[in-house]
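Colleague: Residue numbers (our numbering): 249 to 386. Backbone N, C-alpha and C fix where the C-beta goes; we use that ideal spot for every residue, glycine too.
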Amino acid sequence: MLNKNQKEVEELSNSSNIIGKGTIVNGSIETFGNIHVEGKVIGDIKTKSKAAFGHSSQVDGSVLAQNAEVAGHITGTIEVTEQLVLKATATIDGDIITNKLLVESGATFNGKCKMGVKSKEIKIGKPEDKEQPQALKA
Numbered sequence: 249m250l251n252k253n254q255k256e257v258e259e260l261s262n263s264s265n266i267i268g269k270g271t272i273v274n275g276s277i278e279t280f281g282n283i284h285v286e287g288k289v290i291g292d293i294k295t296k297s298k299a300a301f302g303h304s305s306q307v308d309g310s311v312l313a314q315n316a317e318v319a320g321h322i323t324g325t326i327e328v329t330e331q332l333v334l335k336a337t338a339t340i341d342g343d344i345i346t347n348k349l350l351v352e353s354g355a356t357f358n359g360k361c362k363m364g365v366k367s368k369e370i371k372i373g374k375p376e377d378k379e380q381p382q383a384l385k386a
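1. DSSP on Gln306, reduced to helix/strand/coil?
2. Just verifying my parser: in three-state terms, what is the DSSP assignment at Val203?
3. Output the distance between the C-alpha atoms of Asp308 and Ile293, rounded to the nearest integer angstrom.
4. Leaving out the 5 sequence neighbours to the left and right, which residues in its chain are closer than 6 angstroms to Gly324 when beta-carbon positions are compared?
5. In angstroms, rounded to a whole number, what distance separates the CA positions of Lys288 and Glu317?
6. With a CB to CB cut of under 8 angstroms and the five nearest residues on each side skipped, what residues in its chain are close to Lys439?
7. Quick check on Gly320: buried or exposed, where buried means 16 or more other Cβ atoms within 10 Å of its Cβ?
8. For Ala313 and Val328, which I take to be in contact (beta-carbon distance under 8 angstroms), what is that distance rounded to the nearest angstrom?
9. Along the chain, where does the beta strand (DSSP E) containing Lys348 start, and where does it finish?
10. Please report the straight-line C-alpha distance between Thr346 and Ile267, rounded to a whole angstrom.
11. Alpha carbon to alpha carbon, how far is Glu369 from Gly354?
12. Excluding five sequence neighbours on each side, which residues of the same chain lie with their C-beta closer than 6 angstroms to the C-beta of Cys191?
Below, the structure written as structure tokens:
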């Protein structure tokens, strides 16, 4: 039997978020559930579920997701813990880090690609652990 917290997390991961065509979001997005983008996002996107980017989507920022499917344009790093699918109309200007990659004919990406990486936990609502620059360390 699920306790209250497990049930709440399960409900959150079943939610869906849509950024419609013609919509511009200026800021970062974090969600437990799926996200589907057809508009423009200026900022980072992080989800513990699936991120789908339609033909008209534009993202200027990094993407961190469990699974992702891209048919639009992303400028920034994409990190996917399971499978990334680049549709024929996808354009990626940035690095790709994923466990599995499927690229359809016609898709393009300009950057480095690292595959087969060990899955990392996606933390929602918590800042990423970023190493301080050498000059700032005590």
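Modeller: Judging by the given coordinates:
1. Shown here, Gln306 sits in a strand according to DSSP, grouped into three states.
2. Only positions 249 to 386 of the chain appear in the structure, and residue 203 is not among them; the question remains open.
3. So the two alpha carbons sit approximately 10 angstroms from each other.
4. Gly309, Ser310, Gly342, listed in sequence order.
5. If I take the Cα positions, the gap works out to 16 angstroms.
6. Because the chain spans 249 through 386 in this model, residue 439 falls outside it and cannot be assessed.
7. So Gly320 ends up on the buried side.
8. Correct: roughly 5 angstroms between the Cβ atoms.
9. First-last of the beta strand (DSSP E) with Lys348: 344-351.
10. Here the C-alpha atom of Thr346 lies approximately 24 angstroms from the C-alpha atom of Ile267.
11. Looking at the two C-alpha atoms, the distance is approximately 32 angstroms.
12. The chain is shown from 249 up to 386; residue 191 falls before or after that span and cannot be answered.
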